[in-house]
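To keep things clear, I will list the structure first and then write my remarks on it.
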Ligand SMILES: CC(C)(COP(=O)(O)OP(=O)(O)OC[C@H]1O[C@@H](n2cnc3c(N)ncnc32)[C@H](O)[C@@H]1OP(=O)(O)O)[C@@H](O)C(=O)NCCC(=O)NCCS
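This is the structure in structure tokens:
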């Protein structure tokens, strides 16, 4: 894989993803976070609705001490998203990605039509401390969209406190509100911390194997 596993899968999938306008994703209201959750491919770069703040819970028991606000990313977040993505690739699979390619990848979320959707988490007086993104895949088996977690990154100082649950919960609710199918992802098999976090968030192993045929190999 050429990227962290979440990212790689979805970069590949992106090539056969339906553009946003293909439908199946509708605007709706997120119960926990208020009107901050737009459908993933609509309104990219537009200022989201009112921010909402939630307290996270690691393991479902202990409230997270810090409050975070999760909102849709804006064009003005691109620089930080690029930095997070480069760091994510390095941490998740030990690769140094080409910054220009990553920037092109992130900016795809703000293209027309958008190719992905990003959310960011902000901590009081700290600014953006985490990000996550989603791409969709149309399913002919099920007549709906899967939402694939393309990326997930939390700055080191904000790890271990349940923010990952907040982010995944946010995506899961937005997915449900949009009427989409599974929230899916794949992660590098060596990324034990991410795998543990995903399991804790309720993800289970799916009976599929990822295969790839890089350009030029046939
Ligand atoms: C992956 C990531 C989002 C997880 O968020 P987090 O806040 O760090 O998650 P947690 O601290 O709850 O750690 C998850 C689990 O791994 C454990 N863990 C912590 N450090 C670990 C390590 N070095 N190795 C293995 N497991 C570790 C935790 O104890 C926790 O276990 P538990 O669920 O049994 O309590 C975050 O670490 C991150 O941004 N990593 C870099 C980017 C990345 O890898 N993204 C995912 C790409 S698929």
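In the numbering used here, the protein residues as written are 22 to 239. Positions of the beta carbon are idealized from the N, C-alpha and C atoms, including for glycine.
For residue 172, which of helix, strand or coil comes out of DSSP? strand
What does the alpha-carbon distance come out to for the pair residue 163 and residue 146? 44 Å
Residue 113 CB to nearest heavy atom of ligand 1 below 6 Å: yes
First and last residue of the beta strand (DSSP E) that includes residue 139? 138-144
What are the start and end residues of the beta strand (DSSP E) that includes residue 230? It is not in any beta strand (DSSP E) - residue 230 carries neither H nor E in the DSSP assignment.
May I ask which residues mark the beginning and end of the beta strand (DSSP E) holding residue 148? 148-160
With a CB to CB cut of under 6 Å and the five nearest residues on each side skipped, what residues in its chain are close to residue 203? 167
Residues bridged to residue 166 (per DSSP): 159
Who pairs with residue 116 in a beta bridge, going by DSSP? Looking at the DSSP assignment, residue 116 forms no beta bridge with any residue, so it has no partner.
Supposed contact pair residue 152 and residue 170 - C-beta distance, whole angstroms, cut 8 Å: Their Cβ separation, rounded to whole angstroms, is 11 Å, which puts residue 170 and residue 152 out of contact at 8 Å.
Reference residue 94; option with closest CA among 154, 112 and 231: 154
What residues match up with residue 204 in a beta bridge as DSSP calls it? 168
Residue 181 CB to nearest heavy atom of ligand 1 below 6 Å: yes
Local conformation of residue 224 per DSSP, three classes: coil
Give the DSSP-derived three-state secondary structure of residue 191 in the structure shown. helix
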